[in-house]
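Quick notes on the structure that follows.
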Amino acid sequence: MVRKIELNNRQEKILQIVKDNGPITGENIAERLNLTRATLRPDLAILTMAGFLDARPRVGYFYTGKSGTQLLTENLMKIYVKDYQAIPVVVRENVSVYEAIVTMFLEDVGTLFVVDEHSHLAGVLSRKDLLRASIGKQDLNAIPVNIIMTRMPNITVCEKDDLLIDVAKNLIEKQIDAVPVVKKAETGYEVTGRITKTSIAKAFVSLADDD
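So, in structure tokens, the structure goes:
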């Protein structure tokens, strides 16, 4: 869960002063807190950059009226798939289940994307798919992955200009670990990247750290 924007005690006091008295200059805020303008400068910069306050030259500071939750939501709406997509790990649809297991292990991923002879997305393989196929006495070298993969059109995909928050909602709703980033082609989808739960976690942690 991404943490809300947290303010320290002095920043809360500054915010309240601006709410009650804005527009107000930095000097007047400093006077009310019995502090120097230099001491307050970092706090005012943080509040302005975070979006709580708006500053206008020769006028002073205004309260924007936005809560921490509103500001967080606005920031989430600025993060796109292309900012956090990773390199996709793909296999051909005619490779064996054994080869797919080896690839997943060597690449240290939880999902493989399966492509056809035109290098277009044909299916998706998860750890669960490969685990199910491994149970029993079947010869894994004799089973092609196209027998066990989830096929198009039953695959959730995204594009580079999609919002990351929308992809996150899909992952949660459909209980999947990754989605391919695709580019539309004449006869299908070209796989250009991947978004995983880890990608989304990194993005949200980065956002929280920026706050």
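Residue 1 is where the sequence shown starts when you use the numbering used here, and the numbers rise one by one after that.
Glycine included, C-beta positions come from ideal geometry on N, C-alpha and C.
Residue of P144, S119, G193, P57 minimising C-alpha distance to D129: Position 129 of the sequence shown, counting from 1, holds the residue named residue 129. In terms of Cα proximity to D129, the closest of P144, S119, G193, P57 is P144.
Please report how far the alpha carbon of K4 lies from the alpha carbon of V205, in whole angstroms. The sequence position of residue 4 within the sequence shown is 4, counting from 1. The sequence position of residue 205 within the sequence shown is 205, counting from 1. Because K4 carries a pLDDT of 48, less than 50, the predicted location of this residue cannot be relied on, and the following value inherits that uncertainty. K4 and V205: Cα-Cα distance of roughly 11 angstroms.
Contacts around E109, its chain only, beta-carbon distance under 6 angstroms, and the 5 residues preceding and following it disregarded: Indexing the sequence shown from 1 puts residue 109 at position 109. For the record, residue 109 in the displayed sequence is Val; it is not Glu. Excluding residues within five positions, the ones whose Cβ falls inside 6 angstroms are V89.
Answer yes or no: do I165 and L76 have a C-beta to C-beta separation smaller than 9 angstroms? Taking the sequence shown and counting its residues from 1, the one referred to as residue 165 is at position 165. Taking the sequence shown and counting its residues from 1, the one referred to as residue 76 is at position 76. Result yes, Cβ atoms of I165 and L76 sit closer than 9 angstroms.
State yes or no: is the C-beta of T218 within less than 9 angstroms of the C-beta of V124? Nothing can be reported for residue 218, as the shown portion of the chain is limited to 1 through 211.
Taking the Cβ atom as the reference point for each residue, do E93 and D116 lie within a distance shorter than 9 angstroms? Stepping through the sequence shown from its first residue, residue 93 is reached at position 93. Stepping through the sequence shown from its first residue, residue 116 is reached at position 116. It is a contact, given that the beta carbons lie within the stated cut-off.
Could you tell me the boundaries of the beta strand (DSSP E) in which P180 lies? Here residue 180 is taken as the residue at index 180 of the sequence shown, counted from 1. Taken as a continuous stretch (DSSP letters only), the beta strand (DSSP E) holding P180 covers 178 to 185.
Let me make sure I understand the geometry here. Which of I87, H118, K184, K160 has the alpha-carbon closest to that of E107? In the sequence shown, residue 107 corresponds to position 107, counting from 1. Among I87, H118, K184, K160, the Cα nearest to that of E107 belongs to I87.
Out of V157, Y61, L121, point me to the one whose CA is closest to M49's CA. As a working note, residue 49 is residue 49 in the sequence shown. Measuring from the Cα of M49, the nearest candidate turns out to be Y61.
Rounded C-alpha distance that separates L121 from A201: Within the sequence shown, the letter at position 121 stands for residue 121. Within the sequence shown, the letter at position 201 stands for residue 201. One C-alpha to the other measures close to 25 angstroms.
One question on the structure: do L15 and L53 come within less than 9 angstroms of each other, judged by their Cβ atoms? The residue labelled residue 15 in the question sits at position 15 within the sequence shown. The residue labelled residue 53 in the question sits at position 53 within the sequence shown. Their beta carbons are under 9 angstroms apart, which means L15 touches L53 by this criterion.
Where do the ends of the alpha helix (DSSP H) carrying I195 lie? Start at 1 with the first residue of the sequence shown, and residue 195 comes out as number 195. No alpha helix (DSSP H) holds I195; the beta strand (DSSP E) holding it covers 188 to 196.
For D54, the first and last residue of its enclosing beta strand (DSSP E): Position 54 of the sequence shown, counting from 1, holds the residue named residue 54. In the DSSP annotation of this structure, the continuous segment of the beta strand (DSSP E) that includes D54 starts and ends at 53 to 56.
Where L44 sits in the DSSP three-state scheme: Residue numbering aside, residue 44 sits at position 44 when the sequence shown is read from its first letter. Note: L44 maps to helix in three-state DSSP.
How many Å lie between V167 and T36 at the Cα? Stepping through the sequence shown from its first residue, residue 167 is reached at position 167. Stepping through the sequence shown from its first residue, residue 36 is reached at position 36. Cα to Cα, V167 sits roughly 46 angstroms from T36.
Could you spell out the range, first to last residue, of the alpha helix (DSSP H) harbouring L171? Taking the sequence shown and counting its residues from 1, one reaches residue 171 at position 171. First-last of the alpha helix (DSSP H) with L171: 164 to 174.
When N28, V157, S134, R194 are compared against I148, the one with the closest alpha-carbon: Here residue 148 refers to the residue found at position 148 of the sequence shown. Checking every option, the nearest Cα to that of I148 belongs to S134.
Quick check on the burial criterion: 16 or more other C-beta atoms within 10 angstroms. Buried or exposed for G65? The sequence position of residue 65 within the sequence shown is 65, counting from 1. G65 is exposed by the Cβ-count criterion.
Which class does V109 belong to by DSSP, given the choice of helix, strand or coil? Mapped onto the sequence shown, residue 109 falls at position 109. Looking at V109 - three-state DSSP - the assignment turns out to be coil, as it is neither helix nor strand.
Rounded separation between T198 and E159 - CA only: In the sequence shown, counting from the first residue as 1, residue 198 sits at position 198. In the sequence shown, counting from the first residue as 1, residue 159 sits at position 159. If I take the Cα positions, the gap works out to 18 angstroms.
For Y61, the first and last residue of its enclosing beta strand (DSSP E): Here residue 61 refers to the residue found at position 61 when the sequence shown is read from its first residue. Looking at the DSSP string, the run of the beta strand (DSSP E) that includes Y61 is 60 to 63.
Rounding to the nearest angstrom, what Cα-Cα distance links R10 and E27 in this structure? Position 10 of the sequence shown, counting from 1, holds the residue named residue 10. Position 27 of the sequence shown, counting from 1, holds the residue named residue 27. Going by the C-alpha atoms only, they are around 15 angstroms apart.
Over what stretch of residues does the alpha helix (DSSP H) that includes A133 continue unbroken? Translated into positions along the sequence shown, residue 133 becomes position 133. Unbroken alpha helix (DSSP H) run through A133: 127 to 134.
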